[in-house]
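Going by our numbering, the letters in the first sequence line up with residues 7 to 112, in that order.
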Amino acid sequence: MPQDQSNTFLTAEQHLYAALALIPYGSVTSYGRLAAMAGYPGRARWVGKVLSQLPADSQLPWHRVINAQGNISFPANSDAALRQSTRLLAEGIAVRNGKKVLAKLM
DNA sequence: AGCGTGACGTTTG
DNA sequence: ACAAACGCCACGC
């Protein structure tokens, strides 16, 4: 039954949110690693899609997710990239050229 | 069914 | 450091 969302059953997205919430303040990880953490190895693109649909008022630390190259996955100096770099900076993580995140991935 | 498009990843040059 | 070539999966047309 589709609407039977008992608390023992978690959707794939919920697993992802749970994994995302576990990323510690001040550290970053990649889409691919987050996918694996959530139990879906090889689904980096899916992670990106889910994050792109997060509500604007989400309390989840979406800004701690960058790509495997260590870059913010938005065009440098776009509004989105600026929002993310601002939030990272607030956690003590520096960003070079509006793209490169100067921190090791988790 | 076919094709283009993504907040992507790995390998190779 | 940069780019191409794959691989990957969900969606919309």
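All C-beta atoms in this analysis are idealised placements derived from N, C-alpha and C, irrespective of residue type, glycine included.
Membership of Gly76 in any alpha helix (DSSP H) is not indicated, and neither H nor E is assigned to it by DSSP. Judged by their CB atoms, Leu88 and Ile99 are not nearer to each other than the 9 Å cut-off. In summary, Ala41 is buried, with 16 or more beta-carbon neighbours lying within 10 Å of its beta-carbon over all protein chains present. In terms of CA proximity to Lys110, Gly32 leads the group Gly32, Leu16 and Lys55. Per the C-alpha coordinates, the member of Ser84, Leu57 and Val34 positioned closest to Leu22 is Leu57.
In the DSSP assignment, the residues bridged to Thr35 are Val71. Boundaries of the alpha helix (DSSP H) harbouring Gln20: Ala18 to Ala27, taken from the DSSP string. Taking C-alpha positions only, Arg51 is separated from Asn73 by approximately 10 Å. Considering only Ile29, Asn103, Lys106 and Gln59, the residue with the shortest C-alpha distance to Glu19 is Gln59. For the pair Met112 and Val34, the CB atoms are nearer than the 9 Å cut-off.
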